[in-house]
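Participant:
Number of protein chains: 2
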Amino acid sequence: MDKIDRSIVYLLQKDGKITIKEIAERLNLTTTPIFERVKKLEREGYIKSYKAILDRKKIGLQLMVFCNVTLNLHQTDYLKKFEKDIQQFPEVVECYHVAGMFDYLIKIYAEDMERYQDFLSNKLASLENISKVQSSFVMTEVKDSTYLPIP
Amino acid sequence: MDKIDRSIVYLLQKDGKITIKEIAERLNLTTTPIFERVKKLEREGYIKSYKAILDRKKIGLQLMVFCNVTLNLHQTDYLKKFEKDIQQFPEVVECYHVAGMFDYLIKIYAEDMERYQDFLSNKLASLENISKVQSSFVMTEVKDSTYLPIP
DNA sequence: TATTTTTAAAGAATATTATTCTATTTTAGT
DNA sequence: ACTAAAATAGAATAATATTCTTTAAAAATA
């Protein structure tokens, strides 16, 4: 990753649909080197994928909730079981095993409070080994950045 | 948003680089209606943007941390001040104002613990009005889904 | 039910972009 | 300075996006 590569991933983070030609123009190069650099960045895994970013509210997902989950038992088998179960739920879009005041942080999307309650009562809380669940409801999305702070 | 539109955004969430032609083939339509539907979804804001997804570890960001931030004063002016300040930090990739046990949840990327400590001590904790900061370090990314649970 | 109006889709033509290939230049190592 | 490797330019080709015209389907109205 040299300076040119960093410029390329910066531009692609901002707009995944930017053309090779446009990147080339901005960096004062021709399409060939840009094309090959992009392919290399993809091949070597610096660029994992390209995605369309949807507006969750427009598609009807009014609620975004973070849950701090604490388990009872922490042996590997129990963790693996929980992780496998939680992945099945489409409402759960992110799940992290964390070191801190609780065990897992999960991000959930729901259409409304009723659906969230249904998820909580009938899905999450129904899993074995759950000790405590603490919900934080998102009121405002202050920042949701496109850019990783590329060192 | 009819059935076809939902199929389109589903495919675009999975792969933002999928061609109009390929979507058309999968949905047994020609390129024209797909092209127009995609443009409409973009124009009306269902699709907000397209982005390249980078591998944070490959680009040197070993640490991912969530912080629960609690403020002292909660009048609008103080909240706005904090929100404005926190947005400046490139390390902070997400920030949400939440209702729950604390005020703000922020997601941070850092190269290593040293850089994180520097961020915490010299940037975050230096802001006025901070009452409490609780860090949770991500050990495992159990799930990081491409797909919103489209209703 | 027949008729009009609107919307969606097909098919063909054109414009743009991605991709490949060959030749040239630059860079790093000896 | 010389050699080898890597990077880039420029041109040619392939694939895709985009536009345009025509046709079909659906919805609304009388």
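Line by line, the protein sequences are chains A and B.
End of the first sequence = 151 in the UniProt record's numbering, gap-free, step of one.
End of the second sequence = 151 in the UniProt record's numbering, gap-free, step of one.
Glycine included, C-beta positions come from ideal geometry on N, C-alpha and C.
Start and end of the beta strand (DSSP E) containing residue 35 of chain B?
Facilitator: On the second sequence, residue 35 of chain B is found 35 positions in, with the first residue counted as 1. First-last for residue 35 of chain B: 31-43, but that is the alpha helix (DSSP H), not the beta strand (DSSP E).
Participant: Please list, in chain order, all residues of the same chain as residue 136 of chain B whose beta carbon is under 6 angstroms from its beta carbon, the five residues on each side excluded.
Facilitator: Within the second sequence, numbered from 1, the residue matching residue 136 of chain B stands at position 136. 66.
Participant: Of the choices A/131, A/52 and A/108, whose alpha-carbon is the least far from that of residue 70 of chain A?
Facilitator: Walking along the first sequence from the start, residue 70 of chain A turns up at place 70. Ranking the options by Cα distance to residue 70 of chain A, first place goes to A/131.
Participant: Are the CB atoms of residue 51 of chain B and residue 50 of chain A within a distance shorter than 9 angstroms?
Facilitator: Taking the first residue of the first sequence as position 1, residue 50 of chain A is located at position 50. Taking the first residue of the second sequence as position 1, residue 51 of chain B is located at position 51. Going by C-beta atoms, residue 50 of chain A is nearer than 9 angstroms to residue 51 of chain B.
Participant: Once DSSP output is grouped into helix, strand and coil, what is the label at residue 150 of chain A?
Facilitator: By 1-based counting over the first sequence, the position of residue 150 of chain A is 150. It is coil, neither helix nor strand.
Participant: Among A/29, A/38, A/3 and A/113, which has the Cα closest to the Cα of residue 17 of chain A?
Facilitator: Taking the first sequence and counting its residues from 1, the one referred to as residue 17 of chain A is at position 17. Of A/29, A/38, A/3 and A/113, the residue nearest in Cα terms is A/38.
Participant: Report the rounded CA-to-CA distance for residue 116 of chain B versus residue 34 of chain B, giving the unit in angstroms.
Facilitator: Taking the second sequence and counting its residues from 1, one reaches residue 116 of chain B at position 116. Taking the second sequence and counting its residues from 1, one reaches residue 34 of chain B at position 34. Residue 116 of chain B and residue 34 of chain B: Cα-Cα distance of roughly 46 angstroms.
Participant: Can you grab the Cα-Cα spacing for the pair residue 64 of chain A / residue 95 of chain B, in whole Å?
Facilitator: By one-based count along the first sequence, residue 64 of chain A stands at place 64. By one-based count along the second sequence, residue 95 of chain B stands at place 95. Taking the straight line joining both Cα atoms gives about 13 angstroms.
Participant: Would DSSP call residue 1 of chain B helix, strand or coil?
Facilitator: Position 1 of the second sequence holds residue 1 of chain B. Of the three classes helix, strand and coil, the one that applies to residue 1 of chain B here is coil, per DSSP.
Participant: Could you name the residues of the same chain whose beta carbon sits closer than 8 angstroms to that of residue 97 of chain B, not counting the 5 residues immediately before and after it, in chain order?
Facilitator: Taking the first residue of the second sequence as position 1, residue 97 of chain B is located at position 97. The answer, listed in chain order, is 79, 83, 103 and 104.
Participant: Using beta carbons (cut-off 9 angstroms, strictly below), is residue 154 of chain B in contact with chain A?
Facilitator: Any answer about residue 154 of chain B is impossible in this case: the structure gives chain B only from 1 up to 151.
Participant: Using the Cα positions of residue 112 of chain B and residue 61 of chain B, report the straight-line distance between them to the nearest angstrom.
Facilitator: In the second sequence, residue 112 of chain B corresponds to position 112, counting from 1. In the second sequence, residue 61 of chain B corresponds to position 61, counting from 1. Distance between the alpha carbons of residue 112 of chain B and residue 61 of chain B is about 7 angstroms.
Participant: So with Cβ pairs under 9 angstroms, would you call residue 121 of chain B a contact of chain A?
Facilitator: Counting from one through the second sequence, the residue named residue 121 of chain B turns up at place 121. Taking Cβ atoms only, chain A never reaches closer than 9 angstroms to residue 121 of chain B, which makes this a no.
Participant: Helix, strand or coil for residue 10 of chain B per DSSP?
Facilitator: Mapped onto the second sequence, residue 10 of chain B falls at position 10. Helix, per DSSP.
Participant: Residue 89 of chain A to residue 20 of chain B, Cα distance in whole Å?
Facilitator: Working through the first sequence from its first residue, we reach residue 89 of chain A at position 89. Working through the second sequence from its first residue, we reach residue 20 of chain B at position 20. Distance between the alpha carbons of residue 89 of chain A and residue 20 of chain B: 30 angstroms.
Participant: Among A/149, A/5 and A/128, whose alpha-carbon lies nearest the alpha-carbon of residue 72 of chain A?
Facilitator: Counting from one through the first sequence, the residue named residue 72 of chain A turns up at place 72. Answer by Cα proximity: A/128.
Participant: Are the C-beta of residue 102 of chain B and some C-beta of chain A separated by less than 9 angstroms?
Facilitator: Taking the second sequence and counting its residues from 1, one reaches residue 102 of chain B at position 102. Yes, because at least one Cβ of chain A sits closer than 9 angstroms to the Cβ of residue 102 of chain B.
Participant: With 16 as the cutoff for other CB atoms within 10 Å, does residue 99 of chain B come out buried or exposed?
Facilitator: Numbered from 1 along the second sequence, position 99 holds the residue referred to as residue 99 of chain B. When all chains shown are included, residue 99 of chain B counts as exposed.
Participant: Between which two residues does the alpha helix (DSSP H) carrying residue 113 of chain B extend?
Facilitator: The residue you call residue 113 of chain B lines up with position 113 of the second sequence. 113-118 is the extent of the alpha helix (DSSP H) around residue 113 of chain B.
Participant: Which partner residues does residue 106 of chain A have in the DSSP bridge list?
Facilitator: If you number the first sequence from 1, residue 106 of chain A lands on position 106. Paired residues: A/67 and A/95.
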